[in-house]
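Going left to right, the sequence shown walks through residues -21 to -1, 1 to 172 as mature numbering (1 follows the signal peptide of the UniProt record, and there is no 0) numbers them. Just so you know, even glycine gets a beta-carbon here, dropped at the ideal spot from N, CA and C. These notes are about the structure you will find just below.
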Amino acid sequence: MSNVLLMSCAALLAFNFCAGATPISDSVELSNLAKTCLLDSECEEMTGGILTKFYAMWMCRYLVREVHSVIGLQELRSVLGFIPIVPWKRPSEDKNNTTLVAYYEQKEPVDTYVHGPRNDLLFEKNVAPAIKVMDKRLPMVRTIYRRYLEDRLSHRKINEDVDFMIAQYEVIHGLVNDATEKIKFRGKCSDDS
């Protein structure tokens, strides 16, 4: 029963996305992202130069799939007019949060594996090189999040819409995640990769 409800909610969110000014999935940008091929050297750079070849590529696969979430949250915070992501801390459970930022930080959909307390693989500081490489090599990730979130907020009042915007982040996050799953990782990239 709950799976049916979840699928219905996902379909409704996708429909609402289609009905907006921005076409669903920003098809050109998402298509370009899905066709990306990352080289060994780019993967090595993404790890901050601490891993090479096979291990760098393995870590790069993990980073690409996870770091786009951090970029998306940076864009969500920017669109809402908040400061960029700060080091993760356990959100306050105070029911009397008096500021919009405090309320948002309590509700923020933090990816607990990259930007949270349960990351057993990386320190938070190790994510910065991956963000830098993704901004340089895959700028469409930030563009997709920003365009979609700006479009969703364009006719709404921020102070009433933190929950709405978090839901919109979840929609576009799923689409970007699907595209990043298709990225190829190779020693050499060619037109037929």
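Test item: CB-CB of residue i and residue j under 8 Å
i	j	result
F143	M36	no
L18	C168	yes
P108	E24	yes
R126	Q147	no
A158	L12	yes
Environment of residue i [buried if 16+ CB atoms lie within 10 Å]
i	result
L100	exposed
Y124	buried
E160	exposed
I62	exposed
E149	exposed
M(-15)	Its pLDDT being 34, under 50, M(-15) is placed unreliably by the model, and the measurement read from it follows with that caveat. Exposed: under 16 other Cβ atoms inside 10 Å.
S4	Legend: pLDDT at S4 = 48, less than 50; position of this residue unreliable, no value from coordinates given.
R77	Note on identity: in this sequence residue 77 is Thr, with Arg being the wrong assignment. Exposed.
V155	buried
N(-19)	Residue placement at N(-19) is flagged as unreliable, the pLDDT there being 37, under the threshold of 50; the coordinate-derived value follows with that caveat. The residue is exposed, with fewer than 16 neighbouring Cβ atoms inside 10 Å.
Residue i versus the options, residue with shortest Cα-Cα distance
i	options	result
L42	C22, G60 and L52	C22
V89	S133, V7 and V49	V49
E103	S10, Y34, S6 and E45	E45
M113	S10, S6, G51 and E149	G51
S57	C39, M38, R40 and V80	V80
E8	S133, V120, H47 and T26	V120
T26	S6, V106, L59 and L154	V106
E129	Y34, L59 and H47	L59
V141	G28, A13 and Y83	Y83
Q53	S20, H152 and C16	H152
I145	G28, M38 and E87	E87
T15	K111, S133, R40 and F33	R40
T122	H47, Y34, G28 and K32	H47
Counterpart residues of residue i in DSSP-defined beta bridges
i	result
F164	L17
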